[in-house]
Amino acid sequence: MKQIRANSLEDLAYIAQEILASLEGRSVVAFCGAMGAGKTTLISAIMEQLGSSDSVTSPTFALVNQYGTADDDTVYHFDFYRINRIEEVFDMGYEEYFYSGDLCLIEWPELVENLLPDDAMVVRIDILSPTERQFTII
Numbered sequence: 009m010k011q012i013r014a015n016s017l018e019d020l021a022y023i024a025q026e027i028l029a030s031l032e033g034r035s036v037v038a039f040c041g042a043m044g045a046g047k048t049t050l051i052s053a054i055m056e057q058l059g060s061s062d063s064v065t066s067p068t069f070a071l072v073n074q075y076g077t078a079d080d081d082t083v084y085h086f087d088f089y090r091i092n093r094i095e096e097v098f099d100m101g102y103e104e105y106f107y108s109g110d111l112c113l114i115e116w117p118e119l120v121e122n123l124l125p126d127d128a129m130v131v132r133i134d135i136l137s138p139t140e141r142q143f144t145i146i
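All the letters of the sequence shown, read from the start, carry residue numbers 9 to 146 under the numbering used here.
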């Protein structure tokens, strides 16, 4: 477990690097935090570190966005905030994504917790103040 405190958006590049360095072969990353904690902003910083030129937005209504990296890898970005039934996740074929080996970045994983691989990385974001966050990488 690693904890990092951030005082500004400029700190996110370092935090993104730490997350990527901590993957250790894992490909599913679950981002936990309150609304407005900065989950999408952090995922955008991760995509920047991976050399993506894609515009990163939360896939709240689409459930999943696909991005490319500078190495021509594929990254999937999920947002499960608006799912009403777990069957929606089954219908989208989550297993093909989660077990593809491609990097999967998941917002609101609490809603699909039982479907996550056992080795999924968890990144918890705690709001300490309007400009300060604590990131815990598990």
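All residues carry an ideal CB built from backbone N, CA and C; glycine is no exception.
Buried or exposed by the 16-neighbour rule on C-beta atoms within 10 Å, applied to residue i
i	result
R34	exposed
T129	At residue 129 the sequence reads Met, which differs from the Thr that was named. Label assigned to M129: buried.
S52	buried
G41	buried
For residue i, the nearest candidate out of the options (CA to CA)
i	options	result
V120	M100, I12, A53 and A78	M100
L17	M55, W116 and G46	G46
P125	C112, S30, L50 and H85	C112
K10	V131, V37 and L136	V131
S30	A42, I12 and H85	I12
H85	Q74, I91 and N92	Q74
V37	S137, I133 and P138	I133
I94	L71, I145 and A21	L71
Backbone CA spacing between residue i and residue j [nearest angstrom]
i	j	result
L123	E140	31 Å
A24	L58	9 Å
E104	D79	21 Å
S66	E115	8 Å
Y89	T68	7 Å
E96	P117	14 Å
F98	I91	11 Å
M43	E56	22 Å
Strand pairing of residue i, partner residues [DSSP]
i	result
D87	E115
V130	A38
F98	In DSSP, F98 forms no bridge with anything.
I6	There is no way to answer for residue 6, as the model of the chain reaches only from 9 to 146.
Quick check for students: name the residue ranges of the beta strand (DSSP E) that lie wholly in the region 17–83, counting only runs of 3 or more. 36–41 and 72–76
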